[in-house]
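Contents: one structure, followed by commentary.
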Amino acid sequence: MKLVTAVLPPHRVPDVMKALQAFGVRGVTVTEVRAYEPRPSRVEVYRGSEFRVNLFPQLRLDILTLDFDATDLVRVIRAAGARGTGGGTVWVTPVEEVVRIRTRERGPDAV
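Heads up, the working numbering is the position in the sequence shown plus 1467, with the first residue counted as 1.
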């Protein structure tokens, strides 16, 4: 099994989620994150003081999938996420074991 992770600008996520649903993905974990980027920083004001910030809001999508679907899943994310402005990153991590807590299913049955 594989864990496909994508970190994307928030405005790209709706298109990616539609593409994932069309691909047949049944579950996605979405987490708000901030990504460091060396591009020009933006100015934020906190308690009257200005700060230059290089951390930009992003959304992280984690999708657990079978080995043979991982490459296609990356292609789906790239195709749907490539529209418009802003970047993103996708990576694949091997997963040793998965257990569905409620049903006690293990391995591919738990995905």
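Every residue, glycine too, gets a C-beta built ideally from N, C-alpha and C.
Just so it is clear, the structure is predicted and the values come from calculations on it, not from any experiment.
When you compare only the Cα positions, how much space is there between Ala1577 and Arg1571? 8 Å
Opening and closing residue of the beta strand (DSSP E) in which Phe1523 lies: 1522-1532
Quick check: what's the CA-CA separation for Glu1504 versus Asp1529? 21 Å
Beta carbon of Phe1490, beta carbon of Val1543: below 7 Å? For the 7 Å CB-CB criterion, Phe1490 and Val1543 form a contact.
For Leu1475, which beta-bridge partners are listed by DSSP? Leu1526
Just reading off the alpha helix (DSSP H) that Pro1481 is part of, what are its end residues? Counting along the chain, the alpha helix (DSSP H) containing Pro1481 begins and ends at 1480-1490.
DSSP state of Val1466, grouped into three classes? Residue 1466 falls outside the range modelled here, since the chain spans only 1468 to 1578, and no answer is possible.
Using beta-carbon positions only, say whether Val1495 and Leu1526 come within less than 7 Å of one another. No. Outside cutoff.
Near Thr1472, what residues of its chain come up, given a Cβ to Cβ distance below 6 Å and the 5 sequence neighbours on each side ignored? Excluding positions up to five away in sequence, the list reads Asp1529, Trp1558.
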